[in-house]
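Student: My questions all concern the structure below.
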Amino acid sequence: MRTLDAFVLVAAFALASCEARETTPPVTESISERTPIAIDGVGPIKIGMSIEEAERALGGTLQIAAADAGSECQYARLASGPSALAFMLTKGVVARIDVRDSTMIQTAAGVHVGSHEAGIALAYPGRVTVTPHKYEAAGHTMTVTDPARPNERYVFETDGNSVTRYRAGRVPEVEFVEGCG
Numbered sequence: 001m002r003t004l005d006a007f008v009l010v011a012a013f014a015l016a017s018c019e020a021r022e023t024t025p026p027v028t029e030s031i032s033e034r035t036p037i038a039i040d041g042v043g044p045i046k047i048g049m050s051i052e053e054a055e056r057a058l059g060g061t062l063q064i065a066a067a068d069a070g071s072e073c074q075y076a077r078l079a080s081g082p083s084a085l086a087f088m089l090t091k092g093v094v095a096r097i098d099v100r101d102s103t104m105i106q107t108a109a110g111v112h113v114g115s116h117e118a119g120i121a122l123a124y125p126g127r128v129t130v131t132p133h134k135y136e137a138a139g140h141t142m143t144v145t146d147p148a149r150p151n152e153r154y155v156f157e158t159d160g161n162s163v164t165r166y167r168a169g170r171v172p173e174v175e176f177v178e179g180c181g
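FYI, the working numbering numbers position 142 of the sequence shown as 142, with every residue one higher than the one before it.
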């Protein structure tokens, strides 16, 4: 009799655990100014995801700029989240993440808009290439590579002293100074 009671109890727990898994909604992650920008994405959104995959992972929507509608290269923003983040989409796929006008949004190593050029070199020793900025006479473009991710980069634009904007993403899109233009 006790064996039968134990069996019924174990079966009930097993069924309850199966049922709980089926009714649990998928876990989603929001993006805030405290979410670090990685070389391959931000929060649940990764470089190479389709817009549909990114929205599913986010549990929210990305809003495409009206001016970009129908174009192969588009910019999208979070419907809910930091306005300083923009996602470049190439043929509906996340190609890069742009950060402007926010000293709060940092890379995983702590670099942000306003960081000094020397801070980039310290954060990414031996991985930084410095070139003259295409449009700012005194400025620089500081490109950070990662041997483990050869097709992705951080690109920091500076005024010659500190970061004015930066982006992370895949080659070639991450290297476009003009964005989609």
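Beta carbons: idealized from backbone N, C-alpha and C, even for Gly.
How big is the Cα-Cα spacing for G48 and V93?
Tutor: Straight-line Cα distance between these residues: approximately 6 angstroms.
Student: Quick one: what's got a C-beta closer than 7 angstroms to M142's C-beta in the same chain, skipping five residues either side?
Tutor: Excluding positions up to five away in sequence, the list reads E117, I120, V128, V130, F156, T158.
Student: Taking only runs that begin and end inside the segment 47-83, name each unbroken alpha helix (DSSP H) of 4 or more residues, in chain order.
Tutor: Whole alpha helix (DSSP H) segments, 4+ residues: 51-58.
Student: With DSSP run on the structure shown, which of helix, strand or coil describes E175?
Tutor: Of the three classes helix, strand and coil, the one that applies to E175 here is helix, per DSSP.
Student: Using only the alpha-carbon positions, how far apart do F176 and Q74 sit?
Tutor: One C-alpha to the other measures close to 13 angstroms.
Student: Measure the alpha-carbon distance for K46 versus A123 and round it to whole angstroms.
Tutor: Cα to Cα, K46 sits roughly 22 angstroms from A123.
Student: Would you mind working out which of E33, N151, I51 sits nearest D101, comparing C-alpha positions?
Tutor: Among E33, N151, I51, the Cα nearest to that of D101 belongs to E33.
Student: Tell me the residue span of the alpha helix (DSSP H) that contains I105.
Tutor: No alpha helix (DSSP H) contains I105, which DSSP labels as neither H nor E.
Student: Mind checking E173: buried by the 16 CB within 10 Å criterion, or exposed?
Tutor: Classification for E173: buried.
Student: Quick one, which of H112, T164, T107 has its alpha-carbon nearest Y135's?
Tutor: Selected option, being the one with the closest Cα: T164.
Student: Do C180 and M104 have their CB atoms nearer than 8 angstroms?
Tutor: No, they are not a contact pair.
Student: Quick check: the Cα distance between T24 and E52, rounded to an integer number of angstroms?
Tutor: In this predicted model, T24 has a pLDDT of only 37, less than 50, meaning its place in the structure is not dependable enough to derive any value.
Student: Return the bridge partner residues of A86 from the DSSP annotation.
Tutor: Note: A86 sits in a beta bridge opposite D98.
Student: In this structure, does DSSP put S162 in helix, strand or coil?
Tutor: Strand.
Student: Judging by CA-CA distance, which residue of R170, S115, P147 is the nearest neighbour of S162?
Tutor: Out of R170, S115, P147, S115 has the C-alpha closest to the C-alpha of S162.
Student: Alpha carbon to alpha carbon, how far is S80 from T90? Give it in angstroms, no decimals.
Tutor: C-alpha separation (whole angstroms): 22 angstroms.
Student: Excluding the 5 residues preceding and the 5 following R170 in the sequence, name in chain order all residues of the same chain whose CB lies nearer than 6 angstroms to its CB.
Tutor: Excluding sequence neighbours, R170 sits near I47, A95, N151, E152.
Student: Can you give me the Cβ contacts of G149 inside the same chain, cut-off strictly under 7 angstroms, excluding the 5 residues immediately before and after it?
Tutor: Residue identity check: residue 149 is Arg in the sequence provided, not Gly. Excluding positions up to five away in sequence, the list reads I39, D40.
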